[in-house]
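Single-structure report; data block below.
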Amino acid sequence: MNDKLKQLYKDVILKHNNDPFHYDKKENATHVLEAYNPLCGDKFKVFIEVENDAIQSIHFHGYGCAISKASTSVMVQALENQSIEDAKELCKNFLFALHHESEGHPSREDFEAFAAAREFPGRLKCASLSWDEMSRFLEG
Amino acid sequence: MQLKYKIMVDPLIIRQDFPIFRHHPNLAYLDNAATMQKPETVIQGVANFYRKENANIHRGVYQLAIEATEKYERVRHRAASLIGAPSTKNIVYTSGTTAGINLVVQSFLEKRLSKDDEVLITAMEHHANLIPWQMVCKKTGAQLVVIPMNERGELDMDAFKERLSGRTKMVAAVHISNTLGSINPVEDIVDLAHKRGVPVLIDGAQSVAHYPIDVKEMDCDFFVFSGHKVFGPTGVGILYGKEEHLSSMAPVFFGGDMIREVSFEDTIFAEHPQKFEAGTTNIAGIIGLGYAMMFLQQYNKKQIVKYLDELGGYARQELKSVKSLKIVGKAKRKSPIISFHFKNIHPHDVATFLGAENIAIRAGHHCTQPLMDIFDIPGTSRASFTFYNTFEEVDRMVKVLKEMKKFLS
Ligand SMILES: Cc1ncc(COP(=O)(O)O)c(C=O)c1O
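In order, the protein sequences belong to chains L and F.
Just so you know, numbering that gives the first Met the number 0 puts 107 at position 108 of the first sequence, and the rest follows in order with no gaps.
Just so you know, numbering that gives the first Met the number 0 puts 119 at position 120 of the second sequence, and the rest follows in order with no gaps.
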């Protein structure tokens, strides 16, 4: 099988896809985001509890491909207990790693896994779907 | 010009007519329901028109313009002969299936539709044969009524009979479902509708390339298809309409080339089909479509169908050997369009794994979202074949699917 493909789907994505983090509906959260891609029908709801300018708790639920689901799961894991300012920074970080070669740019291993999506331009949107929505929300 | 000798359907030889396969020798193109690849004659035909023959039509009196007009108008003859239309007056050039349907909705149906009337469509329509009817219903207060199907993807003809009523003003049905591959009994649909005096539009986007079409025999009132799904260029298509309808329909686009007389006070329109073809159309595209239909007419449709039945049957059988793969759409009469899904693998992941091995399939809802809702799935992977596809391509697809399944579980 194609090596680039293996790289894309390697452990991080498979793990999060099969065992997503905080995969639960919390309809009463203070904020509910909807990340939706009408082209493919992927749709995730992200439930965020914001208090004192920080994300106290965050969950997600929905349907999408392995990449969009795993990237949402990684996002939920990364943003939990972060201040809004730090969350903004993390979003920038992730989206930067996704769109640019990461040389000289500090990034996390779980973010870097998605950078392999660069080899599959048709799938970049899957990796960024929930993060784009989150960015829009945080940046207000 | 109809070729006397029908050529045998041999995919390995036919492929040689398609430059794309020289540029991508390893490409298994299994997305023919989305659009087909183009034979050399079509590409050359379009290029040569611009290179050697370009002029606007119906306007010039110089030789180049006369020849362009003749060539453009000859395509009407070919379209008429391809689908068995009685005359070129029945053939309206459009920009595609979508445009043809919208024209019928706006020009034919809208003025006949009032509150509490009904328009019947099937549960397996492409959005192109759903939204236009839905919009005109909303505008007029009419009801859009859906003919259901069974779990195999076959229309429920008893329900159709029940739902046909004095209120029904139009029936629109897809000939072959682009998602399920089901071949609908269009003759019966037309028959039943006509018994109640209801006109019928058939969406032939997926049928013209492979199946013999005779609109006279089918007796439908309208029949639409797209050039790019019959080996021709994008942005052109054909609307067939019965003479009595086309002559009474008012144009919805106005401009040059569709008039007999114009003054500042009023305009007398040209006759059909010209009155529906305002402005400069896609002349090169229509000429390319002529070459595409010429390409198609070299082959005996019976042989095409026989080959595709074998190929589609083989693909379905081989796909069954992939663990936890489910085929969606198991109608008795079906075309080589095969949708499938895995319980835990998203269609886009499937398409990515196949794409990495140069196998092009489609993933998603295929512009049939309500149909996906019926099957309670968000989308499918779809392999759709034509007669340049081979058994070996099926094997390649199945091999990758098995590897993928193993890797992801
Ligand atoms: C059954 C059916 N109807 C309508 C269409 C729309 O065709 P076009 O986009 O060429 O207008 C398609 C194309 O996908 C189709 O498969």
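Every residue gets a Cβ at the ideal spot worked out from N, C-alpha and C, and that includes glycine.
When C-beta distances to chain F are compared with 7 Å, the residues of the segment 106 to 126 of chain L below that value are Phe-119, Arg-122, Cys-125, in chain order. Residue pairing of Asn-36 of chain L in beta bridges, as defined by DSSP: L:Asp-41. The shortest C-alpha to C-alpha distance from Leu-288 of chain F to any of F:Gln-36, F:Asn-89, F:Val-118, F:Val-145 is the one to F:Gln-36.
Comparing alpha-carbon positions, the option among L:Asn-1, L:Asn-16, L:Lys-25, L:Ala-86 lying closest to Ser-67 of chain L turns out to be L:Asn-16. Bounds of any alpha helix (DSSP H) do not take in Thr-167 of chain F; it lies within the beta strand (DSSP E) bounded by 167 to 173. Remark: three or more beta-carbon pairs, one from each stretch, lie closer than 8 Å, so the segment 91 to 111 of chain F and the segment 203 to 223 of chain F are flagged as touching. Of all residues in the segment 59 to 89 of chain L, those with a C-beta nearer than 9 Å to a C-beta of chain F are Tyr-62, Gly-63, Cys-64, Ala-65, Ile-66, Ser-67, Lys-68, reading in chain order. The residue from F:Thr-139, F:Pro-184, F:Lys-322 with its alpha-carbon nearest to that of Lys-331 of chain F is F:Pro-184. Met-0 of chain L has a beta carbon lying within less than 8 Å of a beta carbon in chain F. Contacts with chain F at 8 Å (Cβ-Cβ) do not include Leu-128 of chain L. Nearest C-alpha to Ser-129 of chain L among L:Phe-95, L:Leu-32, L:Met-0: L:Leu-32. Burial is judged here by how many other beta carbons sit within 10 angstroms of a residue's own beta carbon; Lys-274 of chain F has at least 16 and is buried. Short of 7 Å from the beta carbon of Gly-378 of chain F, and not among the five residues preceding or following it, lie these beta carbons of its own chain, in chain order: Pro-346, Ala-362, Gly-363, His-364, Met-371. CA-CA distance, Ala-208 of chain F to Asn-388 of chain F, rounds to 14 Å.
Three or more beta-carbon pairs separated by less than 8 Å are not found between the segment 107 to 124 of chain F and the segment 296 to 315 of chain F, which leaves the two stretches without contact. Relative to ligand 1, Cys-366 of chain F has its C-beta within less than 7 Å of a heavy atom. Within the segment 229 to 264 of chain F, complete alpha helix (DSSP H) segments of at least 4 residues are found at 242 to 247, given in chain order. Using a Cβ-Cβ cut-off of 9 Å, Leu-13 of chain L is close to Phe-406, Leu-407 of chain F, given in chain order. Listed in chain order, the positions of the segment 345 to 367 of chain F with a beta carbon within less than 7 Å of a beta carbon of chain L are His-345, His-347, Asp-348, Thr-351, Phe-352, Ala-355, Glu-356, Gly-363, His-364.
Distances from the alpha-carbon of Ala-84 of chain F to those of F:Tyr-239, F:Met-257, F:Val-321, F:Ala-283 put F:Tyr-239 closest. In this structure Ser-70 of chain L touches Phe-113 of chain L by the C-beta definition: roughly 6 Å separates them, less than 8 Å. Close CB contacts of Lys-398 of chain F within its chain, under the 7 Å cut and outside five residues either way in sequence, are absent. Within chain F, no C-beta atom comes nearer than 7 Å to that of Lys-24 of chain L; the closest sits roughly 17 Å away. Proximity to Phe-107 of chain F across F:Met-169, F:Arg-58, F:Asp-202, F:Ser-164 peaks at F:Met-169, based on C-alpha coordinates. The beta carbon of Ala-78 of chain F is closer than 6 Å to those of Ile-90, Ile-237 in its chain, skipping five residues each way along the sequence. Judged by their CB atoms, Ser-176 of chain F and Gly-152 of chain F are nearer to each other than the 8 Å cut-off. Rounded to the nearest angstrom, the gap between the Cα atoms of Leu-154 of chain F and Lys-329 of chain F is 12 Å. Going by DSSP, Ile-188 of chain F is part of the alpha helix (DSSP H) stretching over 185 to 194.
Chain F places a beta carbon closer than 8 Å to that of Leu-4 of chain L, counting this residue as a contact. For a Cβ distance threshold of 7 Å, residue set Gly-363, His-364, Pro-377, Gly-378 of chain F lies close to Gly-40 of chain L, ordered along the chain. Ser-380 of chain F and Ala-126 of chain L have their C-alpha atoms roughly 20 Å apart.
In this chain, the alpha helix (DSSP H) harbouring Lys-5 of chain L covers 2 to 8.
Between the alpha carbons of Ile-286 of chain F and Ser-164 of chain F lies a gap of roughly 42 Å.
For Tyr-22 of chain L, there is no enclosing alpha helix (DSSP H), as DSSP marks it with neither H nor E. In this structure, DSSP gives Ile-286 of chain F a helical state, which the three-state scheme calls helix. Between His-21 of chain L and Ile-54 of chain L, the beta carbon gap of about 11 Å keeps them out of contact (Cβ cut-off 8 Å).
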